[in-house]
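6 protein chains.
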Amino acid sequence: MSTIAARPDPESDPRVRAVFDDIRATRKSDFINAFWRYIAFDAELLERTWAEAKAVMATPSALDPLTKELVYIAVSVTNGCSYCVHSHTAAARARGMTDAQHADLLRVIALAAKTNQLATGLQVPVDPAFDLGAGA
Amino acid sequence: MSTIAARPDPESDPRVRAVFDDIRATRKSDFINAFWRYIAFDAELLERTWAEAKAVMATPSALDPLTKELVYIAVSVTNGCSYCVHSHTAAARARGMTDAQHADLLRVIALAAKTNQLATGLQVPVDPAFDLGAGA
Amino acid sequence: MSTIAARPDPESDPRVRAVFDDIRATRKSDFINAFWRYIAFDAELLERTWAEAKAVMATPSALDPLTKELVYIAVSVTNGCSYCVHSHTAAARARGMTDAQHADLLRVIALAAKTNQLATGLQVPVDPAFDLGAGA
Amino acid sequence: MSTIAARPDPESDPRVRAVFDDIRATRKSDFINAFWRYIAFDAELLERTWAEAKAVMATPSALDPLTKELVYIAVSVTNGCSYCVHSHTAAARARGMTDAQHADLLRVIALAAKTNQLATGLQVPVDPAFDLGAGA
Amino acid sequence: MSTIAARPDPESDPRVRAVFDDIRATRKSDFINAFWRYIAFDAELLERTWAEAKAVMATPSALDPLTKELVYIAVSVTNGCSYCVHSHTAAARARGMTDAQHADLLRVIALAAKTNQLATGLQVPVDPAFDLGAGA
Amino acid sequence: MSTIAARPDPESDPRVRAVFDDIRATRKSDFINAFWRYIAFDAELLERTWAEAKAVMATPSALDPLTKELVYIAVSVTNGCSYCVHSHTAAARARGMTDAQHADLLRVIALAAKTNQLATGLQVPVDPAFDLGAGA
């Protein structure tokens, strides 16, 4: 079930076609996952979202590609986004995530959520030593 | 402001003292941050939480220590835990996180939250290709 | 799947019947969506929830009906409530939301989530100019 | 800091005065906490919110008053509402919550958040045995 | 759909077998719900998570077993964890939760979420009377 | 307190200067709020975030500027982002939001959060009538 009607032939729109072609070329795969097919209901939203995803996730940067996928999973799990947990777990595996790394990731995500609750429940004040903003 | 009264001399309790000593030894530092001082209002909660934090974060495992801190920050930001964002950003820096890595981390965290909203707003169905659970 | 057993004939309870009749009259439709049918397991919860929903959403007020539905969707997406995203997207469409407005709504929801993460990740202090509470 | 300007003399409005009088009578205390003083910027919002809070929290019902406060804290911690964590922890203490119960509450809240993450991270399918909605 | 492949015969691993046996003995039931079967993909994660769940939920403590389940549901609903809402609603029923208590629980959870939003929307400052942390 | 050290003279970087100049020109005001000053620690993050914020919020589109601010507030309140609630409430006021509209907005945000909890707590199944995705 989804909240928009799928376009019957999204690639008949040349703007959608151009983005889908770039997704296929970037990923070296013919598979266009549902996120992109659904968001294609608005060409401009598709273009901008893909441009950002490509710039952040598919371009060499200070963090390596697998680390970025692990962070993506952590956010998606915490937000409870079922689709995103599925798609980025698959992406992490495609970038080499092992079962042991997957279990380790889940351990950290779970521990973080737990201590987040404890710190919030006690309303622990931030240690002055952690403040880097002085003078801003 | 916090929701519990601080114990005036927490280390007079030998169970608290033992945990604080282990924190100092593990971190090679005399600094006990507020999270541990506040949670010390209940010795058993302190003991179990530190035991898990040490096992997950301070023991060699499938993910390296900096990656684990980045994941911890991602969860803490998404949960809006101010204390935890501060303490784990400091921890990541102590493990070598550069400004460029910090900016990259924030870019991924922000992009993930954005696409989480888009996938949830459209209620995109999960691609069958992402399902690994068949037969369970 | 749901966490309560459905009542086989909810309208045999006159309190449920009265609310369902008011829903039909207010909406000028015979359709009672599942939310109301399930919450009918407790007549008092049904009565109070419908009374509030009617007062807030179906009564002329400072904001127009479509704007209220857009805000409702924004909260529901952020909370990850699949049912609510579906039902209020349908309600917004029934109040005239176009595809262009839907895409615009998603753009704002996604941008807000993104900048929420950046502000929380950096722990940006609130500008004094934004404070209206002085003297309270 | 707050997002609205405080009314200089809120009880000069008879609708606000009536609600504040009822809060004082219900709680047998002269103290009006900030939540009610701020929400008084709109008399109708104050009236409805207090009416609901009184009906749910201050009226005998299937759950006892302390249990209801513990549930309130659990939701407030999970939503990261600092004000609400403070006010409802104080309310729970006023209803007799001991330090041991407070620690136990935090243990359950923290465990729940942790297993929520694990279930979401693995996308565990719901056991058919848990479904009560068949036939609805 | 899930993000891991199920182990075909998880109890062939003696560590998994030992935990499953303890779950059956603790609950006096042969039913192992999916959460434990999926998390069994990593024996160490299974062992630690079960040990904590047993210690917190199945061991006599300051809060009674039903109250702990109600708190667990409150967190799970707020986090939007569908699996956990199902499994802990079933657990609460097994511990005697009546329909009237279930409705009351939902009323408190819903009211808390509502006032969390109001307090956060107004950015209500915390009353000094609620601070117990002075001197910490 | 913040998690990054403020740059002492951010506009000495021509990339930061160009963005700040565009913010001032777009808003017809000399005031640069803290969000932009802090995010300026990484020029590329500043440039991209401002470009998106300007395109979405400051460019005529299918939704009017005030409606977009109301949606932004709704997301920010739900995410518990204190900074964002403050800055976008101020922005909504600058675009003409009245006290009555502010109260109405809060009513809808609070009702949505409440019914989100009820729908999630009951795990209400989505009505087939709400599905637009058939055939996608």
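Here the protein sequences line up with chains A, B, C, D, E and F, keeping their order.
Residues in the first sequence are numbered consecutively from -3, following the numbering used here.
Residues in the second sequence are numbered consecutively from -3, following the numbering used here.
Residues in the third sequence are numbered consecutively from -3, following the numbering used here.
Residues in the fourth sequence are numbered consecutively from -3, following the numbering used here.
Residues in the fifth sequence are numbered consecutively from -3, following the numbering used here.
Residues in the sixth sequence are numbered consecutively from -3, following the numbering used here.
In this text, a Cβ means the ideal position worked out from N, Cα and C, and glycines have one as well.
Between D:V71 and E:A51, the CB-CB gap reaches or exceeds 8 Å.
Rounded to the nearest angstrom, the gap between the Cα atoms of F:S(-2) and C:L107 is 22 Å. Within chain E, no C-beta atom comes nearer than 9 Å to that of F:H84; the closest sits roughly 11 Å away. For the 8 Å CB-CB criterion, D:T45 and E:T116 do not form a contact. Excluding its 5 nearest sequence neighbours in each direction, E:R11 has C-beta neighbours in its own chain below 6 Å: A39, listed in chain order. If you compare the alpha carbons of E:E48, E:D18, E:S8 and E:K24 with that of D:R103, the shortest gap goes to E:E48.
Counting only residues of its own chain and dropping the five nearest sequence neighbours on each side, B:I19 has a CB closer than 8 Å to the CB of I28, W32 and W46. F:A1 carries a coil assignment under DSSP once its states are collapsed to helix, strand and coil. B:F16 and A:T85 have their C-alpha atoms spaced approximately 37 Å apart. Per DSSP, reduced to three states, the secondary structure at F:K64 is helical.
Using a Cβ-Cβ cut-off of 8 Å, F:A87 does not count as an interface residue toward chain A, since no Cβ of chain A sits closer than that to its own. Taking a 10 Å sphere around the C-beta of D:S83, we find 16 or more other C-beta atoms and assign the residue as buried. A distance below 8 Å separates the beta carbons of F:T94 and C:A58.
About 6 Å separates the beta carbon of E:R91 from that of E:E65, a gap short enough to meet the 8 Å contact definition.
Judged by beta-carbon spacing, B:I105 lies beyond the 8 Å limit of C:Q119, meaning their Cβ atoms are not closer than that value. Just measuring C-alpha positions, the residue of F:D26, F:F37, F:D100 and F:F126 sitting nearest F:S8 is F:F37. Residues T22 of the same chain have their beta carbon placed closer than 7 Å to that of E:A54, with the five preceding and five following residues left out of the count. Looking at F:L128, F:T74, F:A88 and F:D123, the one whose alpha-carbon comes closest to that of F:P61 is F:A88. For B:P10, the enclosing alpha helix (DSSP H) begins and ends at P10 to R23. For the pair C:L101 and B:T74, the Cα-to-Cα distance works out to about 21 Å. Note that the C-beta distance between B:Y34 and A:V122 is not below 8 Å.
The contact set of C:M(-3) on chain E, defined by CB atoms closer than 9 Å, consists of S78 and H82 in chain order. Leaving aside the five residues that flank B:Y68 on each side, the residues in its chain whose CB is nearer than 7 Å to its CB run, in chain order, H84. For B:E48, the neighbours in chain A by C-beta distance under 7 Å run, in chain order, L107. Closer than 8 Å to the CB of E:S72 there is at least one CB belonging to chain D. Nearest in C-alpha terms to E:P56, of all of D:I0, D:A96 and D:L41, is D:A96. It is roughly 43 Å from the alpha-carbon of D:L42 to the alpha-carbon of B:P6.
For the stretch 29 to 61 of chain C, the beta-carbon criterion of a distance under 7 Å to any beta-carbon of chain E is satisfied by F37, D38 and L41. The alpha-carbon of A:G76 is positioned some 28 Å away from that of A:D26. In this structure, the beta-carbon distance from B:A1 to E:L128 falls below 8 Å.
When DSSP assignments are scanned along the stretch 61 to 115 of chain D, the uninterrupted stretches of alpha helix (DSSP H) that are 4 or more residues long and fall wholly within it turn out to be 61 to 75 and 78 to 90. In terms of Cβ geometry, A:A109 and D:A109 form a close pair [threshold 8 Å]. Chain E places a beta carbon closer than 8 Å to that of A:R103, counting this residue as a contact. Membership of D:V52 in the alpha helix (DSSP H) is indicated by the continuous run A39 to M53.
In the DSSP assignment, E:I35 falls within the alpha helix (DSSP H) that extends over A30 to I35. A:A58 sits in coil when the DSSP states are folded into three classes, being neither helix nor strand.
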